[in-house]
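Participant: Counting from 1, one number per residue, gives the positions in the sequence shown under UniProt numbering.
Cβ coordinates follow ideal geometry from the N, Cα and C atoms, glycine included.
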Amino acid sequence: MAATLAITARPALCGGVYRLSLNPHILSCLSRTMSVKVGDQLPSVDLFEETPANHVNTRELCSGRKVLLFAVPGAFTPGCSKTHLPGYIAQHDALKDKGIQEVACVSVNDPFVMAAWGQKQDVGNKVRMLADTNGDFTKALGMGQDLEVLGGLRSKRYSMVVEDGKITQLNAEPDGKGLTCSLAENTLSKL
1 MAATLAITAR PALCGGVYRL SLNPHILSCL SRTMSVKVGD QLPSVDLFEE TPANHVNTRE
61 LCSGRKVLLF AVPGAFTPGC SKTHLPGYIA QHDALKDKGI QEVACVSVND PFVMAAWGQK
121 QDVGNKVRML ADTNGDFTKA LGMGQDLEVL GGLRSKRYSM VVEDGKITQL NAEPDGKGLT
181 CSLAENTLSK L
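#1: Rounded to whole angstroms, how far is the Cβ of residue 74 from the Cβ of residue 107, which I believe are closer than 8 Å?
#2: Quick check on DSSP: helix, strand or coil for residue 126?
#3: Excluding five sequence neighbours on each side, which residues of the same chain lie with their C-beta closer than 6 Å to the C-beta of residue 37?
#4: May I ask you to verify whether the region 46-57 touches the region 65-80, counting CB pairs closer than 8 Å and requiring at least 3?
#5: For a quick check, are the C-beta atoms of residue 56 and residue 85 less than 8 Å apart?
#6: Would you kindly work out how many angstroms separate the C-alpha atoms of residue 191 and residue 142, rounded to a whole number?
#7: Residue 169 bridges to which residues according to DSSP?
#8: If you draw a straight line from the alpha carbon of residue 179 to that of residue 125, how long is it in whole angstroms?
#9: Give me, in chain order, the residues of the same chain whose beta-carbon lies closer than 6 Å to that of residue 184; leave out the 5 immediate sequence neighbours on both sides.
#10: Determine the closest residue to residue 96 out of 170, 161, 118 and 175, with distance taken between C-alpha atoms.
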């Protein structure tokens, strides 16, 4: 269902009212154009792990701990499967040595897809696979992007370090999709 926005601009010159249809996912992404920044408190949103019954609250996950969260546009996508997630699996011990107590991957997918992807990637206990089913966490962070080819609202690619609920490091890909600043090696180098 598309939303319709009516715009009237100088009716005498332009001939009246123009109607523009927008995908509702675009509207929800545009409703918050400002993304979180270093120093902000992490929003409190329920994510899901393995099943819809297993809620993981983001604020509780990071309370009193140093947690690394990274987000991908979609489970099983090439860049996410070949580079992004494997990098965090490979750097797990080095991240722990730098004080990271938990590493979690977030994607706008359902929990069953995230669990299957984690099994396929052999994450074991190195990376928690968290589903942002409706994109509520992604939207709260201001990290949404409309990727119709992947199903609509998806997360931009980023990594962040959260210490006791406060964002202390944020590495967001400029185009939302690239594989540079949000990679494990870059995040690790800034710890």
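Facilitator: So, to answer that:
#1: The residue given as residue 74 occupies position 74 in the sequence shown. The residue given as residue 107 occupies position 107 in the sequence shown. With a contact defined as Cβ atoms closer than 8 Å, residue 74 and residue 107 qualify at about 6 Å.
#2: Position 126 of the sequence shown, counted from the first residue, corresponds to residue 126. Residue state, collapsed to three classes: coil.
#3: As a first step, residue 37 is located in the sequence shown; it is residue number 37 there, counting from the start. Sequence-distant Cβ neighbours of residue 37 in its own chain, meaning closer than 6 Å and more than five residues away, do not exist here.
#4: A contact between stretches requires three or more CB pairs, one per stretch, nearer than 8 Å, and the region 46-57 fails this requirement with the region 65-80.
#5: Locating residue 56 in the sequence shown gives position 56, where the first residue counts as 1. Locating residue 85 in the sequence shown gives position 85, where the first residue counts as 1. It is not a contact, given that the beta carbons lie outside the stated cut-off.
#6: Working through the sequence shown from its first residue, we reach residue 191 at position 191. Working through the sequence shown from its first residue, we reach residue 142 at position 142. Here the C-alpha atom of residue 191 lies approximately 24 Å from the C-alpha atom of residue 142.
#7: For the purposes of this step, residue 169 is identified with residue 169 of the sequence shown, where counting begins at 1. Under DSSP, residue 169 shares a beta bridge with 161.
#8: Your numbering for residue 179 matches position 179 in the sequence shown. Your numbering for residue 125 matches position 125 in the sequence shown. Taking the straight line joining both Cα atoms gives about 24 Å.
#9: On the sequence shown, position 184 is the one that residue 184 refers to. Counting only Cβ-Cβ distances below 6 Å, and skipping sequence neighbours, we find 87, 88 and 91.
#10: Residue mapping note: residue 96 aligns to position 96 of the sequence shown, counting from 1. The residue from 170, 161, 118 and 175 with its alpha-carbon nearest to that of residue 96 is 161.
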